[in-house]
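In what follows, a single structure is set out as structure tokens and then discussed.
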Amino acid sequence: MSSGRLTDLAYALGWRVVRLLPERLAAAVFRAGADLACRRGGRGVRRLRSNLARVAPTGTDLDALTRAAMRSYARYWLEVFRLTDLGLERIVRQMRLLDQHVLREAHAQGRGTVVALPHMGNWEQAGAWLVASGMPFTTVAERLRPESLFERFLAFRTALGMEVIPLTGGESPPYEVLAARLRAGGTLCLLADRDLSSSGVAVRFFGATATMPAGPAALALETGAVLLPVTLWFDTDGWSGRIHAPVPHSDVATMTQALADEFAQGIAAHPADWHMLQRVWRDDPPSSSPTRAPASSAP
Numbered sequence: 044m045s046s047g048r049l050t051d052l053a054y055a056l057g058w059r060v061v062r063l064l065p066e067r068l069a070a071a072v073f074r075a076g077a078d079l080a081c082r083r084g085g086r087g088v089r090r091l092r093s094n095l096a097r098v099a100p101t102g103t104d105l106d107a108l109t110r111a112a113m114r115s116y117a118r119y120w121l122e123v124f125r126l127t128d129l130g131l132e133r134i135v136r137q138m139r140l141l142d143q144h145v146l147r148e149a150h151a152q153g154r155g156t157v158v159a160l161p162h163m164g165n166w167e168q169a170g171a172w173l174v175a176s177g178m179p180f181t182t183v184a185e186r187l188r189p190e191s192l193f194e195r196f197l198a199f200r201t202a203l204g205m206e207v208i209p210l211t212g213g214e215s216p217p218y219e220v221l222a223a224r225l226r227a228g229g230t231l232c233l234l235a236d237r238d239l240s241s242s243g244v245a246v247r248f249f250g251a252t253a254t255m256p257a258g259p260a261a262l263a264l265e266t267g268a269v270l271l272p273v274t275l276w277f278d279t280d281g282w283s284g285r286i287h288a289p290v291p292h293s294d295v296a297t298m299t300q301a302l303a304d305e306f307a308q309g310i311a312a313h314p315a316d317w318h319m320l321q322r323v324w325r326d327d328p329p330s331s332s333p334t335r336a337p338a339s340s341a342p
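All the letters of the sequence shown, read from the start, carry residue numbers 44 to 342 under the working numbering.
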């Protein structure tokens with residue numbers, strides 16, 4: 044059996060088996076798995092630790108922070124597998140979103156809204172909250188391999204009420220579709236702290252050069268849409284987030300730097316909830332690329 048097929052089967056089992064376990068037992072199993080991964084110190088864990096070393100204050104216990112971050116990442120996956128069973132009432136009730144009025148005001152203007160997020164907290168849950176709050180949105184998903192795995196995640200996100208555009212292989216280039224949604228007054232949600240193309244924008248991020256996607260700023264400029272940075276984090280009894288101030292329209296480089304600055308503010312406040320197991324900074328040595336997990340795709 045191919046590795047791709049094994050991966051697909053593993054996710055299929057996750058969606059079926061994890062949903063059958065009592066919630067506390069499932070959470071304990073995922074925490075134990077996160078701790079085991081930390082002890083083994085694989086490639087992704089090592090990259091996560093090096094990324095956290097960039098964002099954590101001097102003197103931080105990096106081993107403890109990495110363990111907390113892996114537990115946070117495990118919680119993300121546990122909730123992904125169980126999200127459709129949580130119920131919209133709980134998703135809405137246990138979500139605390141600071142400065143929520145900024146998002147609602149942008150949506151009410153009707154000129155389109157680009158919500159740009161880093162890989163923090165649970166962006167799937169935040170997407171479900173957004174739909175339940177009367178703001179359906181469009182997002183982009185990286186096409187995973189095997190195709191059956193991509194279709195599985197597509198069905199999951201569609202069931203939550205999201206419109207998902209494939210990054211590659213769709214009927215139209217994703218940029219054109221996204222621009223059309225904005226011109227119609229729609230909302231986009233785009234993960235924007237790691238560039239998956241060769242045309243990203245160089246930004247200063249925690250004092251060093253990183254590359255972030257140009258898409259959020261370019262789409263806002265072309266369509267006149269509002270560009271909103273958003274950061275998310277976990278709470279013991281739910282989820283939290285902050286809607287940051289709209290990024291003023293200027294040029295792609297300046298606006299992308301503004302996103303990076305707001306992301307840095309949110310990540311510095313909640314570093315354990317930044318799930319970045321891939322290379323971010325240009326001066327970091329490249330390593331053998333790990334198999335991309337669906338967490339690298341859009342919300």
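Glycine included, C-beta positions come from ideal geometry on N, C-alpha and C. The structure presented is a predicted model; accordingly, all values stated were derived computationally and were not measured.
As a beta-bridge residue in DSSP terms, Thr156 pairs with Thr230 and Val269. The count of Cβ pairs closer than 8 angstroms, one atom from the segment 161 to 178 and one from the segment 133 to 147, reaches three, so the stretches are in contact.
Excluding its 5 nearest sequence neighbours in each direction, His150 has C-beta neighbours in its own chain below 7 angstroms: Thr156, Met178 and Thr230, listed in chain order.
The count of Cβ pairs closer than 8 angstroms, one atom from the segment 278 to 293 and one from the segment 229 to 246, stays below three, leaving the stretches out of contact. Restricted to the segment 60 to 86, the alpha helix (DSSP H) segments that are unbroken, complete and at least 4 residues in length are 66 to 83, listed in chain order. Short of 7 angstroms from the beta carbon of Asp128, and not among the five residues preceding or following it, lie these beta carbons of its own chain, in chain order: Arg62.
Taking 3 residues as the minimum length, the beta strand (DSSP E) runs contained wholly in the segment 156 to 183 are 156 to 160, in order along the chain. With a 10 Å radius around the Cβ and a threshold of 16 neighbouring Cβ atoms, Pro256 comes out buried.
The alpha-carbon of Ala315 is positioned some 20 angstroms away from that of His287.
Nearest Cα to Ala112 within the set Glu66, Asn165, Pro209 and Ala171: Asn165. Cβ-Cβ separation between Ala55 and Arg195: approximately 7 angstroms, consistent with a contact (criterion under 8 angstroms).
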